[in-house]
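First residue of the sequence shown? That's 280 in my numbering, and the numbers climb one at a time after it.
Everything below concerns the one structure shown next.
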Amino acid sequence: MNSSVFNIEAQTERLCEQLAATAVERDKAGGHPAAERELIRDSGLLALAIPQQYGGLGQDWRTILNVVRRVAAVDSSLAHLFAFQHLQVASILFFGSPRQHQVLLTGTVAQRWFWGNALNPADNRSRAVERDGGIVVNGLKSFCSGARGADRLLVSAHTESGKFLVGAIPADRAGVEIDTDWDAIGQRQTDSGTVRFKDVFITQDELLLEPGPNGTPYSSLRANLAQSILVNIYLGLAHGAFETARDYTLTKRRPWVNSGVDSAAKDPYLLQRFAELWLQLRTATVFADAAADRLDAAWKKGSALTAEERGAVAVAVVEAKVLAHRASLDIGTQLFDVAGAGATHAALGLDRFWRNARTHTLHDPLDYKLRDLGNWALNGIYPTPTSYS
């Protein structure tokens with residue numbers, strides 16, 4: 280794919296317009312967004328993170344995360360699916376061999392593969408037994424974002440000795456069963472059902488090298504990237520809620536009877552509200568961009584990255600995540616305070632911003648992010664590398 284002629288801005292705008300046209304209706308319906316997955320495939324944006332040597336667009340993380348954020352502003356479920364594609368690609372780059380890079384990433388571009396996630400680190404119910412030529416996996420994984428409808432899966436399991444293994448396999452591999460049991464109040468089209476493994480054979484060639492947070496400082500950046508993706512989904516939701524509140528207030532809200540003004544846009548209390556929301560949104564955006572820049576700088580260092588440099592990335596991402604978490608929930612709620620009673624009309628679906636934010640921000644507890652940040656601010660101790668930090 281020729282990155283010099285591929286217009287990321289235009290393709291992102293086109294995709295956002297396509298998803299926005301049906302976002303409210305699909306949020307109500309839930310289920311599998313098969314047609315919207317095809318829109319993402321057709322956009323060419325699935326190849327953003329794949330290096331040019333494998334036929335991809337080879338973009339930096341700031342660019343990719345900005346696209347995630349823009350998609351999340353109109354449809355955070357599809358932004359989640361889209362973003363997790365790049366997380367799986369990065370996982371292959373982090374942990375795969377040169378041969379696996381060539382085969383899997385070239386295949387992703389040529390076949391337009393959608394990657395799904397079946398390696399939830401918080402769920403240890405899959406077990407691997409080593410066999411000649413590979414491993415056999417049994418058990419299950421929950422919250423497997425993007426698994427349904429995927430072409431390829433990243434799958435994780437532990438051996439009896441506690442060894443953590445990750446394999447890259449076709450989603451239709453014999454013994455893989457993907458449930459349709461995802462039924463949350465928000466993020467209703469993320470294809471995040473349970474994946475069950477029944478004697479699933481994964482060959483040695485399909486096993487990635489040394490996965491997990493306890494490898495090198497560079498390989499442990501995967502957790503920081505995963506958290507950065509969440510930052511930008513939350514921030515996209517905050518932007519979407521803010522823009523919706525502004526548009527509704529300017530075009531549909533009538534001035535309050537005791538306001539003494541002839542337009543809601545002149546109401547001093549609404550002006551104050553929008554000022555506060557804007558400051559919250561602006562602050563979260565600045566911190567998210569700064570964290571993305573720091574992630575890019577660390578990514579470029581590769582194996583030369585030090586533990587201290589990795590720690591600085593972790594702190595920047597934690598800062599951004601706390602602010603984006605709060606902004607998504609607060610603005611999704613205050614949307615109704617500024618837009619007024621008419622905004623609660625069910626057909627508008629404006630509650631989706633809060634519901635999606637509330638569902639997604641429970642991915643891992645905010646209190647533990649604040650603990651890590653406090654430990655840095657008070658004691659100068661960087662967050663310990665884990666699957667979530």
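Virtual Cβ for every residue (Gly too), placed ideally from N, Cα, C.
- Query: Taking DSSP as the reference, what is the three-state secondary structure of residue 328?
  - Reply: coil
Exercise. Where residue 470 and residue 309 are concerned, what is the direct C-alpha to C-alpha distance, given to the nearest angstrom?
Worked result: 9 Å
- Distance, Cα to Cα, residue 403 vs residue 442? 12 Å
Requested in this report: Count the C-beta pairs between the region 391–411 and the region 330–338 that are closer than 8 Å, then say yes if the count reaches three, no if not.
Outcome: no
Worksheet item: Could you give the residue range of the beta strand (DSSP E) that holds residue 420?
Response: 413–420
| Taking the alpha-carbon positions, what's the residue 567 to residue 294 distance? | 23 Å
task: Keeping to the same chain, check which residues put their C-beta closer than 8 Å to that of residue 381; ignore five residues upstream and five downstream.
output: 333
For this session: Can you have a look at residue 304 and say buried or exposed, based on whether 16 or more other CB atoms are within 10 angstroms of its CB?
Result: exposed
### Task
For the beta strand (DSSP E) containing residue 449, list its first residue and its last residue.
443–449
Open item on the list: Quick check on the DSSP output: what are the complete alpha helix (DSSP H) runs of length 4 or more inside the region 359–413, in order along the chain?
Closed with: 385–390
In angstroms, rounded to a whole number, what distance separates the CA positions of residue 296 and residue 319? 12 Å
Hey, residue 603 and residue 517 are a contact pair by Cβ (cut 8 Å); roughly how many whole angstroms apart?
7 Å
Quiz item: If we ignore side chains and look at the alpha-carbon of each, how far apart do residue 537 and residue 608 end up?
Solution: 29 Å
Residues bridged to residue 435 (per DSSP):
445
Report task. Mind reading off the beta-carbon distance from residue 431 to residue 360? Whole number of angstroms is fine, and I expect it under 8 Å. Result -> Wrong, their Cβ atoms sit about 14 Å apart, outside the cutoff.
ask   = Should residue 513 go down as buried or exposed, given a rule of 16 or more other Cβ atoms within 10 Å for buried?
value = buried
Item to complete: Write down every uninterrupted run of the alpha helix (DSSP H) in the region 494–521 whose length is 4 residues or greater and which is fully enclosed by it, in chain order.
Response: none
Requested in this report: Please work out which residues of its chain come closer than 7 Å, Cβ to Cβ, to residue 392, disregarding the five sequence neighbours upstream and downstream, and give them in chain order.
Outcome: 386, 430, 431
With DSSP collapsed to three states, give me the class of residue 430. coil
key: Secondary structure of residue 349, DSSP reduced to three states   = helix
Nearest-angstrom Cα distance between residue 562 and residue 476?
44 Å
Margin query: Is any non-hydrogen atom of the ligand HEM found closer than 8 Å to the C-beta of residue 441, if you look at the structure I gave you?
Written below: The model depicted lacks the ligand HEM and carries no ligand whatsoever.
(Q) Whole angstroms are fine: how far does the CA of residue 558 sit from the CA of residue 437? (A) 45 Å
Practice problem: Counting only the same chain and skipping the five closest in sequence on each side, list residues whose C-beta sits under 7 Å from that of residue 353. | Solution: 295, 298, 299, 302, 519
Item to check | Beta-carbon proximity list for residue 533, same chain, < 6 Å, skipping 5 on both sides | outcome: none
Notebook entry, point to check: Taking the alpha-carbon positions, what's the residue 327 to residue 539 distance?
Noted result: 52 Å
(Q) Taking the alpha helix (DSSP H) that residue 307 belongs to, which residues open and close that run? (A) 302–308
Can you say whether residue 565 is buried or exposed, counting buried as having 16 or more other CB atoms within 10 angstroms of its CB? exposed
- Query: Buried or exposed: where does residue 583 fall if 16 or more other Cβ atoms within 10 Å of its Cβ makes it buried?
  - Reply: exposed
Q.
Can you tell me whether residue 549 is helix, strand or coil according to DSSP?
A. helix
| Around the Cβ of residue 329, are there at least 16 other Cβ atoms within 10 angstroms (buried) or fewer (exposed)? | buried
Worksheet item: Which value, in whole angstroms, describes the spacing of the CA atoms of residue 292 and residue 285?
Response: 13 Å
Quiz item: When DSSP labels each residue in this structure, what does residue 605 get in the three-state scheme?
Solution: helix
- [ ] Taking residue 507 and residue 574 to be in contact with their CB atoms under 8 Å, please state how far apart those CB atoms are, rounded to whole angstroms.
- [x] 6 Å
Worksheet item: On the three-pair Cβ rule with 8 Å, is the region 442–451 touching the region 476–491?
Response: yes
If contacts are defined as beta-carbon pairs under 8 Å, then residue 606 and residue 528 qualify, I think. What distance do you get, rounded to the angstrom? That belief does not hold up - the Cβ atoms of residue 606 and residue 528 are roughly 18 Å apart, past 8 Å.
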